[in-house]
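*Asks:*
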Amino acid sequence: MEKLEVLITEEQLRSGVGELAERINRDYNGEELLVVGILRGAFVFLADLVRRLTMPVVIDFVAVSSYGDDTQSSGVVRILKDLDESIAGRHVLLVEDIIDTGLTLKYLYENLKARHPASLKVCTLLDKPSRRLVDFNPDYAGFTIPDYFVVGYGLDCGQRYRNLPMVCVIRQEQEGCPPSQDESSRGEVHE
Ligand code: PRP
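So the mapping is simple: the numbering used here equals the position in the sequence shown, first residue as 1, plus 35.
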């Protein structure tokens, strides 16, 4: 049986998402924004974030696969569903649930940049900079976390737990869902 430990509470998520939205509202200053969610993990964060945005917003999604149902990054990114919208000349904000190795976002960022948006920025709920394999930094990050295997608020383990309203660490080893890899730094979550 897996054991879940709350890492980021509903209240912390609410206030973290609110702060991100305030920064984004300030930065875009009323300009229309095309918000692009990266399926599947970003759907909960995106739903909460866009309801706090005050500029005109259009929403689209891309689906990519880098991990499949495995928990290790294969380094191979595939676009499973492309954008429906053309992004040329538009302000685009890519919304992600978590940046780990950075492979997914680096690939997507370069792919979308080549379509000539007016601007392209990245907003992630969670950032695990200690796991980076490529140089990639988001423009907006809600919480910087240590190298824990986290689920909830959109994030899954074997497609389960996405519906949890908070972010949890899986503590006990189980097939397909490794435990936290850095137990020594537990508790260090930075907004
Ligand atoms: C997760 C997450 C990011 C990616 C981050 O997606 O949602 O897209 O991994 O990892 P990286 O920085 O190492 O590339 P996953 O492939 O698990 O799919 P999901 O969004 O459907 O859960």
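Positions of the beta carbon are idealized from the N, C-alpha and C atoms, including for glycine.
By the DSSP assignment, the beta strand (DSSP E) with residue 80 in it spans what residues?
*Replies:* Where residue 80 is concerned, there is no enclosing beta strand (DSSP E), although the alpha helix (DSSP H) it sits in stretches over 78 to 85.
*Asks:* Please work out which residues of its chain come closer than 8 angstroms, Cβ to Cβ, to residue 124, disregarding the five sequence neighbours upstream and downstream, and give them in chain order.
*Replies:* Cβ neighbours of residue 124 beyond the five flanking positions: 151, 152, 153.
*Asks:* Closest to residue 45 by C-alpha separation, out of 206, 201, 212, 205, would be which residue?
*Replies:* When only C-alpha atoms are compared, the closest one is 201.
*Asks:* To the nearest angstrom, how far is the alpha carbon of residue 49 from that of residue 158?
*Replies:* Taking the straight line from one Cα to the other gives about 16 angstroms.
*Asks:* For the beta strand (DSSP E) that contains residue 139, what are its first and last residues?
*Replies:* Residue 139 -> not in any beta strand (DSSP E); alpha helix (DSSP H) instead, spanning 138 to 148.
*Asks:* Kindly list the residues whose CB is nearer than 7 angstroms to the CB of residue 65, restricted to its own chain and excluding five residues on each side of it in sequence; keep chain order.
*Replies:* Around residue 65: 90.
*Asks:* Comparing alpha-carbon positions, which option in 171, 204, 59 lies nearest residue 85?
*Replies:* Here the closest residue by C-alpha is 59.
*Asks:* Which same chain residues, not among the five before or five after residue 156, have their C-beta less than 6 angstroms away from its C-beta?
*Replies:* Cβ within range, chain order: 128, 174.
*Asks:* Tell me, to the nearest whole angstrom, how far the beta carbon of residue 143 is from that of residue 79; I am working on the premise that it is less than 8 angstroms.
*Replies:* No, residue 143 and residue 79 are not in contact; Cβ-Cβ is about 19 angstroms, not under 8 angstroms.
*Asks:* Less than 8 angstroms separating the beta-carbons of residue 134 and residue 162?
*Replies:* Yes, Cβ-Cβ distance for residue 134 and residue 162 is below 8 angstroms.
*Asks:* Report the option in 51, 69, 198, 199 whose CA atom is closest to the CA atom of residue 122.
*Replies:* Of the candidates 51, 69, 198, 199, the one whose C-alpha sits nearest the C-alpha of residue 122 is 69.
*Asks:* Around the C-beta of residue 57, are 16 or more other C-beta atoms found within 10 angstroms, so that it is buried, or is it exposed?
*Replies:* The residue in question, residue 57, is exposed, as its Cβ has fewer than 16 Cβ neighbours within 10 Å.
*Asks:* Determine the DSSP secondary structure at residue 165, reduced to helix, strand or coil.
*Replies:* Reduced to three states, the DSSP call for residue 165 is helix.
*Asks:* In the DSSP assignment, find the unbroken alpha helix (DSSP H) run with residue 22 in it and report its ends.
*Replies:* This structure does not reach residue 22, given that the chain is present from 36 up to 226, and the question cannot be answered.
*Asks:* So, with DSSP's three-state summary, where would you put residue 122?
*Replies:* Coil, per DSSP.
*Asks:* If you measure from the CB of residue 37, is any heavy atom of the ligand PRP nearer than 7 angstroms?
*Replies:* It does not: the Cβ of residue 37 is nowhere closer than 7 angstroms to a heavy atom of the ligand PRP.
*Asks:* Any beta carbon of chain B sitting closer than 8 angstroms to that of residue 44?
*Replies:* Absent from the structure: chain B. Only one protein chain is present.
*Asks:* Can you tell me whether residue 71 is buried or exposed, with buried defined as 16 or more other CB within 10 angstroms of its CB?
*Replies:* Residue 71 comes out buried.
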